[in-house]
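What follows is one structure encoded as structure tokens, with my remarks underneath.
Protein chains: 2
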Amino acid sequence: MNKSIYDQYQENKRFVAVDCVIFGYEEEQLKLLVFERDIEPAKGEWSLLGGWVNANESTESAARRVLQKLTGLDDVYLEQVHTFSDPNRDPGGSVITVEYYALIKIDDKAANLIKDYGAKWFTIAALPKLIFDHDVLVEKALEKLRLRSSYEIIGRKLLPEKFTITRLRNLYDQIFQRQFDPGNFRKKILSLKVLERLEEKDMSESRKGAFYFKFKPKQEGEFSDPIFKRSI
Amino acid sequence: MNKSIYDQYQENKRFVAVDCVIFGYEEEQLKLLVFERDIEPAKGEWSLLGGWVNANESTESAARRVLQKLTGLDDVYLEQVHTFSDPNRDPGGSVITVEYYALIKIDDKAANLIKDYGAKWFTIAALPKLIFDHDVLVEKALEKLRLRSSYEIIGRKLLPEKFTITRLRNLYDQIFQRQFDPGNFRKKILSLKVLERLEEKDMSESRKGAFYFKFKPKQEGEFSDPIFKRSI
DNA sequence: TATTTTACTTTTATAATTCAACTAAAAGAA
DNA sequence: TTCTTTTAGTTGAATTATAAAAGTAAAATA
């Protein structure tokens, strides 16, 4: 273990963990990846993806490490959410946990790896009971995701290369758990000029067909004001 | 020290600290309370108020404990900002710090206690160089304070009992580092119906005098949408 | 050929925001 | 006494954003 000038305060050292709320979007549903916990206590119960923060490791590195191990992906979008530290939150001992949320494209090749770890995608609505305070963590991550989604069009991280406006709107419906007006949503999104229309159409959802769009390359400092002033 | 089922992971234990960005408002200026650090390394340099998170203590309790010791106040408004964990952020050793910001009414009796601890109020503009990554922490706290201020009228925590609209506007000018339009600001604030006009006037700032206002008792769930849609 | 379905557009009404000019009141100067 | 100055406070027109609803377009299918 590393020497440090603080070694005299050894008594204060704490267990620190990370927990990841992993969001994905598939079949018009916002989903969440949860795991069967592999250590006691609560072994076998549904849990968020977690892991220890090792000595001399940042919490973000720890989060990326556990995500990489599980999904094979190393370019995941991560955002820190909140730190939970109630000494009684984990019956196994007093553990401080730093929460992150991750956005993953479900169509990625991660699917197989994920299966090996006893993980499963659940929709927000049908989430099973999670261990400890993980329900609270999920709610907090959703809030943070909503905040982020109202400052930038989040689809870049969750949608495939090409997608229809209807599909993007459906993603927002899912995130905010409400129905956005199709006309107003389309008008707003297109006014932001971040999407580029392709000539190809998706003919699977309607007779008329819906144009595919893709994101333009990202601009620096895009959107400093909220996109949606009150709501769409 | 408490026994826990995790003791086998002893190697992973980490130093965890809290740092507090303490905001105050005085003489039309948003100010920040900084301290002369009392332990090595960087002893004697300007620093945020910090302290260890002890075994079996939550980070918020730790923050309240150090604030109480320093200011004598125990009803301070606290909000968690972010957790910093780069192993090299503190040259004294690898320390994870959980950041909070606090809002304090400078007219409180805390003034004397604060002096005893070698603390000093600085305006945001004239802040001295702070140790480690504390400059980054200050910037992050300001962002969080701005976010909070755009969801609720923050003055309740920083202004005296009675104050003029001009004074509240000046506080917002300070927080957002820009000039709000007097007419629009007044219209907006009064439309929120959180203030109550007193019959008394402040005659010190103008010939005409400006009415004093005070906050109405706080309503449950006040403001779920941002108060300022784009800007005032 | 008419109907159905869903993408997509347009219109109109309402509300929020900005900008700028206005009035009010009282102290102090002429 | 009257005029000027100063800052508080008000008002309204112009602009922009948002909401709601009804419209059109295109192609598969009955």
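Sequence order for the protein chains is D and E. Residue 1 is where the first sequence starts when you use the UniProt record's numbering, and the numbers rise one by one after that. Residue 1 is where the second sequence starts when you use the UniProt record's numbering, and the numbers rise one by one after that. For glycine and all other residues, C-beta sits at the position ideal for the given N, C-alpha and C.
1) In terms of alpha-carbon separation, which member of Arg207/E, Gln179/E and Leu159/E lies closest to Phe213/E?
2) What is the rounded straight-line gap between the Cα of Gln219/E and the Cα of Arg156/E?
3) Looking at the structure shown, is Ser204/E part of a helix, part of a strand, or coil, going by DSSP?
4) Residues of chain E with a CB under 8 Å from the CB of residue 299/D: which are they?
5) So, is the C-beta of Asp19/D closer than 8 Å to a C-beta in chain E?
6) Roughly how many angstroms lie between the CA atoms of Ala102/E and Ser4/D, to the nearest whole one?
7) Beta-carbon of Ala55/E versus every beta-carbon of chain D: anything under 8 Å?
8) Output yes or no for whether 8 Å exceeds the beta carbon distance between Tyr117/E and Cys20/E.
9) Report the neighbours of Ser224/D on chain E: residues whose CB is nearer than 8 Å to its CB, in chain order.
10) Does Glu196/E come out as helix, strand or coil in the three-state DSSP assignment?
11) Identify every run of the alpha helix (DSSP H) within the stretch 118-160 of chain E, keeping only runs that are complete inside it and at least 4 residues long; order them along the chain.
12) By alpha-carbon positions, which one of Glu36/E, Glu26/E and Val98/E ends up nearest to Leu70/E?
13) Decide if Asp38/D is buried, meaning its Cβ has at least 16 other Cβ atoms within 10 Å, or exposed.
14) Which chain E residues are close to Asp86/D, counting only those with a beta carbon under 7 Å from its beta carbon?
15) Mind checking if Arg148/D is an interface residue toward chain E, Cβ cutoff 8 Å exclusive?
16) CB-CB under 8 Å to Glu40/E, same chain, minus the five flanking residues each way: which ones, in chain order?
17) Assuming Pro87/E contacts Glu60/D under a Cβ cut-off of 8 Å, what Cβ separation, rounded to an integer in Å, is found between them?
18) Give me the chain D residues within the contact set of Val95/E, using Cβ-Cβ distance strictly less than 8 Å, ordered along the chain.
19) Consult DSSP for Lys214/E and reduce its assignment to one of helix, strand or coil.
20) When you compare each of Lys13/D, Phe132/D, Asn54/D and Gly24/D to Trp46/D by their alpha carbons, which one comes out closest?
21) What does a CB cutoff of less than 8 Å around Thr83/D pick up in its chain, not counting 5 residues either side in sequence?
22) What are the start and end residues of the beta strand (DSSP E) that includes Leu73/E?
23) Taking Ala55/D and Arg14/E to be in contact with their CB atoms under 8 Å, please state how far apart those CB atoms are, rounded to whole angstroms.
24) Does the beta carbon of Lys187/D fall short of 7 Å from some heavy atom of the ligand FAD?
25) Given that Tyr9/D touches chain E, what residues does it touch there, using C-beta distances under 8 Å?
26) Listed from N- to C-terminal order along the chain, which residues in the stretch 182-197 of chain D have their beta-carbon within a distance smaller than 7 Å of any beta-carbon of chain E?
27) Could you tell me the alpha carbon to alpha carbon distance between Glu143/D and Arg207/E, rounded to whole angstroms?
28) In whole angstroms, what separates the C-alpha of Asp7/D from that of Gln174/E?
29) Let me confirm a value: Ala125/E is counted as buried when at least 16 other C-beta atoms fall within 10 Å, else exposed. Which label applies?
30) State the Cα-Cα distance for the pair Ala42/D and Gly51/D, rounded to the nearest angstrom.
31) Look at the Cβ atom of Ile189/E, then the Cβ atom of Leu171/E, and state whether they are nearer than 8 Å.
32) Thinking just about the alpha-carbon of each residue, which of Val34/D, Gly24/D, Leu30/D and Ala17/D is nearest to the one in Ala62/D?
33) Per DSSP, Val81/E forms a beta bridge with which residues?
34) Residues of the stretch 151-175 of chain D with a CB closer than 7 Å to any CB of chain E: list them in chain order, please.
With the given structure in hand:
1) Considering only alpha carbons, the answer is Leu159/E.
2) Between Gln219/E and Arg156/E, the C-alpha separation is close to 13 Å.
3) coil
4) This structure gives no information on residue 299/D, because the portion of chain D shown stretches from 1 to 232.
5) no
6) 30 Å
7) Residue-level contact by beta carbon holds for Ala55/E and chain D, with a gap shorter than 8 Å.
8) For Tyr117/E and Cys20/E, no; Cβs fall outside 8 Å.
9) In chain order: nothing, as chain E lies at least about 10 Å away.
10) Of the three classes helix, strand and coil, the one that applies to Glu196/E here is strand, per DSSP.
11) List check, alpha helix (DSSP H) in window: 134-149.
12) Glu36/E
13) So Asp38/D counts as exposed.
14) Ser58
15) For Arg148/D, the answer is no, since every Cβ of chain E falls outside 8 Å of its Cβ.
16) Gly92
17) With 8 Å as the limit, Pro87/E and Glu60/D do not qualify as a contact, their Cβ atoms being about 11 Å apart.
18) Tyr6
19) strand
20) Looking at Lys13/D, Phe132/D, Asn54/D and Gly24/D, the one whose alpha-carbon comes closest to that of Trp46/D is Phe132/D.
21) These residues qualify, in order along the chain: Ile96, Thr97, Val98 and Glu99.
22) Leu73/E -> no beta strand (DSSP E), and no H or E assigned at all.
23) 7 Å
24) No copy of the ligand FAD appears in this structure; indeed no ligand is present at all.
25) Phe15 and Trp52
26) none
27) Taking the straight line from one Cα to the other gives about 48 Å.
28) 41 Å
29) exposed
30) If I take the Cα positions, the gap works out to 15 Å.
31) no
32) Ala17/D
33) The partner list for Val81/E (beta bridge, DSSP) is empty, contrary to what the question assumes.
34) Residues passing the 7 Å Cβ filter: none.
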